[in-house]
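Encoded as structure tokens, the structure appears first; notes follow it.
Protein chains in written order, with UniProt numbering: chain A, 1 to 410; chain B, 1 to 75.
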């Protein structure tokens with residue numbers, strides 16, 4: 001029974017048992033399977049939280065550390081995720097990680113280009129010209145790096161009102177593209193060309209590419225890392241392969257922490273209702289009807305369960321804040337920009353602890369007046385089940401005056 | 001009294017403390033600094049030494065100019 005009532009406590013209990021089994025001499029392999037089963041669908045953060053609370057309960061650190069080998073056996077390479085909080089951009093496949101990887105490749109190409117320019121300066125042999133041609137053909141691959149930046153990353157920056165840096169950077173990207181094109185054009189028809197002029201132009205292009213790398217790594221990436229939410233990075237990552245990568249065959253597929261909400265519910269002992277009706281406090285409805293009704297409500301709703309996992313959102317006609325299905329199963333904190341995540345966490349904390357029942361915000365967004373309300377969802381016994389976010393454009397409602405008593409004929 | 005500039009601070013912080021810095025930095029080659037929103041976004045990430053490295057401006061020279069304008073530099 002206990003596992004149904006309180007999953008977290010149940011897991012704690014099993015963890016304790018596993019630790020004492022290790023203590024009494026059981027091997028890692030013997031407990032590995034149980035541990036793997038226990039943590040199925042649990043995020044690394046929650047595991048480290050569980051361990052932390054065991055220590056708070058008085059379990060000696062060394063005992064908890066016995067679990068490390070089990071982690072290692074179960075997670076293999078991803079052990080760092082638990083004990084060493086990684087910077088998101090250090091995770092292979094994260095768009096910024098990929099951008100940086102490309103920059104390394106581009107930088108080593110630039111080094112080669114510079115050496116080849118020197119060779120060419122001393123003697124413009126057929127071979128030296130051909131080398132430069134190949135170099136610049138390769139360098140054109142940078143186009144894909146810039147395209148991803150401009151078409152996938154910049155729109156999100158603009159969404160956060162960061163407009164000047166992308167505009168300036170886009171302009172410079174275009175200048176670099178033009179410079180590469182010019183060098184390639186001259187090289188493709190190398191006759192009666194002033195050797196020194198060409199070398200200077202090529203050198204200048206190389207310098208500009210290097211400068212852009214510096215700008216990306218020192219301004220652009222730090223800036224977007226603190227602005228975009230993990231969910232948005234996920235969208236960028238998903239759109240990346242379509243454009244392609246510079247000097248990389250393929251990028252690693254990035255998997256942000258995500259939980260299967262269905263498995264989570266099943267592990268709590270619940271079953272899908274298939275097509276049977278659902279009984280409510282007053283009346284019944286079929287799953288089909290519930291789905292359609294929620295989508296018809298003149299507002300957007302997002303439900304985050306008691307563990308902070310996004311479990312559901314409505315699919316109304318016009319959503320005020322775009323949501324993609326990719327966020328289902330994500331921790332709510334990963335769906336918000338790092339700069340505002342503490343606000344969200346505070347709201348959820350106040351609602352779940354019972355300190356507050358709701359929290360409201362209202363903001364102007366263009367010609368919309370958006371009313372955002374967060375409600376704690378509690379069952380009849382008052383137990384916290386989650387938080388629901390309700391968003392609605394109340395401008396049309398505010399505009400209502402007078403009375404309307406007859407249905408309009410149109 | 002000289003005005004102290006902490007070079008580890010962001011360009012945004014420095015310009016907020018001494019608004020005249022915007023004009024000075026622009027004069028010294030940080031031409032995008034006055035683009036709308038730039039100071040507020042990129043400026044929060046940038047420091048003067050980083051910007052100098054980016055623009056190929058010699059940091060030592062920059063410090064000398066700042067000193068001449070009555071700023072004392074804190075590294």
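Idealized CB from N, CA, C, for every residue including glycine.
Buried or exposed by the 16-neighbour rule on C-beta atoms within 10 Å, applied to residue i
i, result
"residue 97 of chain A", "buried"
"residue 35 of chain A", "buried"
"residue 321 of chain A", "exposed"
"residue 42 of chain B", "buried"
"residue 264 of chain A", "buried"
"residue 280 of chain A", "exposed"
"residue 256 of chain A", "buried"
"residue 361 of chain A", "exposed"
"residue 259 of chain A", "buried"
"residue 432 of chain A", "Residue 432 of chain A lies beyond the range of chain A shown here (1 to 410); nothing can be said about it."
"residue 61 of chain B", "exposed"
"residue 60 of chain A", "exposed"
"residue 402 of chain A", "exposed"
"residue 291 of chain A", "exposed"
"residue 52 of chain B", "buried"
"residue 391 of chain A", "buried"
"residue 404 of chain A", "exposed"
"residue 272 of chain A", "exposed"
"residue 376 of chain A", "buried"
"residue 237 of chain A", "buried"
Closest residue to residue i among the options (Cα-Cα distance)
i, options, result
"residue 106 of chain A", "A/144, A/131, A/95 and A/120", "A/144"
"residue 136 of chain A", "A/160, A/109 and A/153", "A/109"
"residue 40 of chain B", "A/161, A/381 and A/332", "A/161"
"residue 132 of chain A", "A/294, A/180 and A/154", "A/180"
"residue 34 of chain B", "B/55, B/47 and B/12", "B/12"
"residue 328 of chain A", "A/345, A/318, A/337 and A/309", "A/309"
"residue 31 of chain B", "A/168, A/141 and A/149", "A/168"
"residue 326 of chain A", "A/254, A/392 and A/340", "A/254"
"residue 171 of chain A", "A/212, A/95 and A/31", "A/212"
"residue 219 of chain A", "B/14, B/2 and B/47", "B/47"
"residue 347 of chain A", "A/374, A/238, A/67 and A/369", "A/374"
"residue 317 of chain A", "A/275, A/331, A/301 and A/330", "A/301"
"residue 277 of chain A", "A/67, A/288, A/269 and A/182", "A/288"
"residue 274 of chain A", "A/245, A/147, A/286 and A/164", "A/286"
"residue 163 of chain A", "B/38, B/22, B/51 and B/72", "B/38"
"residue 293 of chain A", "A/303, A/127 and A/314", "A/314"
"residue 394 of chain A", "A/379, A/381, A/408 and A/370", "A/370"
"residue 215 of chain A", "A/283, A/17, A/146 and A/382", "A/146"
Cα-Cα separation, residue i to residue j
i, j, result
"residue 312 of chain A", "residue 356 of chain A", "22 Å"
"residue 364 of chain A", "residue 152 of chain A", "26 Å"
"residue 130 of chain A", "residue 99 of chain A", "29 Å"
"residue 306 of chain A", "residue 352 of chain A", "7 Å"
"residue 349 of chain A", "residue 398 of chain A", "31 Å"
"residue 296 of chain A", "residue 55 of chain B", "55 Å"
"residue 396 of chain A", "residue 298 of chain A", "11 Å"
"residue 140 of chain A", "residue 241 of chain A", "18 Å"
"residue 82 of chain A", "residue 50 of chain A", "Reliability fails at residue 82 of chain A, whose pLDDT of 49 lies under 50, so the model's placement of it is uncertain and no value is given."
"residue 10 of chain A", "residue 57 of chain A", "15 Å"
"residue 18 of chain B", "residue 200 of chain A", "40 Å"
"residue 221 of chain A", "residue 342 of chain A", "21 Å"
"residue 93 of chain A", "residue 20 of chain B", "43 Å"
"residue 87 of chain A", "residue 154 of chain A", "21 Å"
"residue 239 of chain A", "residue 15 of chain A", "40 Å"
"residue 185 of chain A", "residue 209 of chain A", "18 Å"
"residue 22 of chain A", "residue 261 of chain A", "31 Å"
"residue 2 of chain B", "residue 74 of chain B", "12 Å"
"residue 330 of chain A", "residue 91 of chain A", "17 Å"
"residue 344 of chain A", "residue 354 of chain A", "16 Å"
"residue 268 of chain A", "residue 379 of chain A", "17 Å"
"residue 244 of chain A", "residue 18 of chain A", "46 Å"
Within-8 Å CB hit, residue i to chain E
i, result
"residue 265 of chain A", "Of the chains in the structure shown, none is chain E; the protein chains are A and B."
heavy atom of the ligand ZN below 7 Å from residue i C-beta
i, result
"residue 131 of chain A", "With respect to small molecules bound, the structure shown includes none, and the ligand ZN cannot be examined in it."
* Which whole runs of the beta strand (DSSP E) in the UniProt domain "Hemerythrin-like" (94-224) of chain A are 3 residues long or more, in chain order? -> none
* Is there contact here, the segment 224-239 of chain A with the segment 114-122 of chain A, by at least three beta-carbon pairs under 8 Å? -> no
* Asked: Is the segment 370-386 of chain A touching the segment 1-11 of chain B, taking contact as three or more C-beta pairs under 8 Å?
  -> The segment 370-386 of chain A is not in contact with the segment 1-11 of chain B.
* Does the pairing of the segment 237-251 of chain A with the segment 58-75 of chain B give three or more beta-carbon distances under 8 Å? -> No: fewer than three Cβ pairs fall under 8 Å.
* Do three or more CB pairs link the segment 204-214 of chain A to the segment 168-177 of chain A at distances below 8 Å? -> yes
* Should the segment 218-229 of chain A be regarded as contacting the segment 337-345 of chain A, the criterion being three or more beta carbon pairs within less than 8 Å? -> yes
* **Runs of alpha helix (DSSP H) wholly within the segment 282-366 of chain A (minimum 4 residues, chain order)** => 287-296 and 341-353
* Asked: Which runs of the alpha helix (DSSP H) spanning at least 4 residues fall entirely within the segment 221-274 of chain A, listed in chain order?
  -> Within the segment 221-274 of chain A, the runs of alpha helix (DSSP H) at least 4 residues long that lie entirely inside it are, in chain order, 221-225, 230-243 and 261-267.
* In the UniProt domain "DUF1858" (5-62) of chain B, which residue ranges form an unbroken alpha helix (DSSP H) of at least 4 residues, counting only runs that do not cross its ends? -> With a minimum length of 4 residues, the continuous alpha helix (DSSP H) runs that stay inside the UniProt domain "DUF1858" (5-62) of chain B are 11-17, 20-27, 42-45 and 48-55.
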